[in-house]
Amino acid sequence: PRPPPRPRILLKAPTLAEMEEMNLSEEEESP
Amino acid sequence: HPVNIPRREKDFQGMLEYKREDEMKLVKNLILELKPRGVAVNLIPGLPAYILFMCLRHADYLNDDQKVRTLLTSTINSIKKILKKRGDDFETVSFWLANTCRFLHCLKQYSGDEAFMKHNTQRQNEHCLSNFDLAEYRQVISDLAIQIYQQLIKCMENILQPMIVSGMLEHETIQGVSGVKPTGLRKRTSSIADEGTYTLDSILRQLNAFHSIMCQHGTDPELIKQVVKQLFYIIGAVTLNNLLLRKDMCSWSKGMQIRYNVSQLEEWLRDKGLMTCGAKETLEPLIQAAQLLQVKKKTDEDAEAICSMCQALTTAQIVKVLNLYTPVNEFEERVSVAFIRTIQTRLRDRCESPQLLMDTKMIYPVTFPFSPSCVALETIQIPGSLNLAFLTRV
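These protein sequence lines map, in sequence, to chains A and B.
Going by my numbering, the letters in the first sequence line up with residues 1 to 31, in that order.
Going by my numbering, the letters in the second sequence line up with residues 1 to 394, in that order.
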């Protein structure tokens, strides 16, 4: 019998606003 | 010579392998530089979403959480970027709303969550994500889809707005009911609109264009229903607000014209199979205002009939229409002050907002009901026109 699949790891996600802030700060840092 | 042995489709696992350093090229070619009217017009609906999901599946398969995160973040940021750049182009916004929703549905359908697996084939169940639970990223994608939806509505409203008053109120299509001159001769009407004048046909043609493009993009039918309901609300609200501020729009013949125009809009809904989407109900205030222009307005019985007929209008709106009402000829009298007082007395116990005008900026909350796909990921082939040769079907 196949072993039961191991539980998936929950990936924590930033909010949409946090992603936009990170993106903006990365764009400012890069030339 | 190396022999190219074509793999059978049953050997493909429905994933796309890519190198980490190609991620930027992926989002550039698939999102930032993809033109809905160019290459994308020949793609199967939702293809960009499936491609992104198949790449995600491979990163998940490798148990590489960093790769999963950066792909999702780049995808989300690129969609936001293209919508910032071309957010006033209806086709672009519609295309990315359809694809964002399809991506969200894929994240659910292949999540491994039994609630979303009911309609999966055995093969689709085998393609569920192996290592990561992306429930929190699904929430982010859902929030993104809401933003795109609001942007789409704004875009469509900007296109429709110049047509509404002209098409719904000003342009007269019904021959013979426009006002009669005191000499008894009919006013000259024309079935041909002046150049630059919007007619009801202009509105219907525009609705057709919106509907057709959304269908081409593979927008979920449930979402199309919500969009149409919202558009009809806007048309009704803008038309009614204009009527409430213009004496020349408050006559028996205008009431007739409005009812005809509304019937044409209903016919459009019927033609598209959208009679149950709630759009017709959003026109109820306008319909009742048009009826109010046509009913008798003299006796107490008339007042009672008006009060029970105009449930979707506020007291302020009913009183305004009655005050503005303009008789068609010199034989008909204006509505008497006493009659208006009778109406106000009858309606004084209503609990309602005192506002006169409808809120044309109100947007109904949107939902994205789960809509699984029957597309088999292992059969998807990427057209060369997308310039994604660096992706390997696995």
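Built from N, CA and C at the ideal position, the CB exists for glycine as well.
With contacts defined as CB atoms closer than 7 angstroms, H105/B and S371/B qualify as a contacting pair. Less than 7 angstroms divides the Cβ of L391/B from the Cβ of L16/B.
Residue environment analysis places T92/B among the buried positions, since at least 16 neighbouring C-beta atoms fall within 10 angstroms of its C-beta. For the region 271-321 of chain B, not one full-length beta strand (DSSP E) segment reaches 3 residues or more. Taking C-beta atoms as the reference points, M249/B and L243/B count as a pair closer than 7 angstroms. Taking a Cβ-Cβ cut-off of 8 angstroms, the neighbours of L144/B in chain A comprise L16, given in sequence order. Of the residues K35/B, I164/B, L223/B and Q294/B, the one whose Cα lies closest to the Cα of S202/B is I164/B. Listed by position along chain A, the residues whose Cβ is nearer than 7 angstroms to that of L97/B form an empty set, because the closest Cβ is around 15 angstroms away. In this structure, Q226/B lies near V366/B, with their beta-carbon atoms less than 7 angstroms apart. Below 8 angstroms, enough C-beta pairs join the region 280-287 of chain B and the region 311-319 of chain B to call them touching: three or more. Under the three-state reduction of DSSP output, R57/B falls in the helix class. Residue contact check for F116/B against chain A: no CB pair falls below 7 angstroms. When C-alpha distances from L71/B are compared across T219/B, V41/B, R334/B and R57/B, the shortest belongs to R57/B. Residue contact check for D133/B against chain A: a CB pair falls below 7 angstroms. Closest by C-alpha distance to Y364/B, out of Q230/B, R346/B, P45/B and G218/B, is Q230/B. For R86/B, the CB contacts under 7 angstroms within the same chain, skipping 5 residues up- and downstream, are T92 in chain order. Within the DSSP bridge table, the entry for I76/B names no partner. Residue nearest to E114/B within the set R341/B, C128/B, R123/B and R102/B is C128/B (criterion: CA-CA distance).
In the structure shown, E332/B adopts coil according to DSSP, grouped into three states. DSSP places H211/B in the uninterrupted alpha helix (DSSP H) bounded by L200 to Q216. Secondary structure at F90/B: helix, using DSSP grouped into helix, strand and coil.
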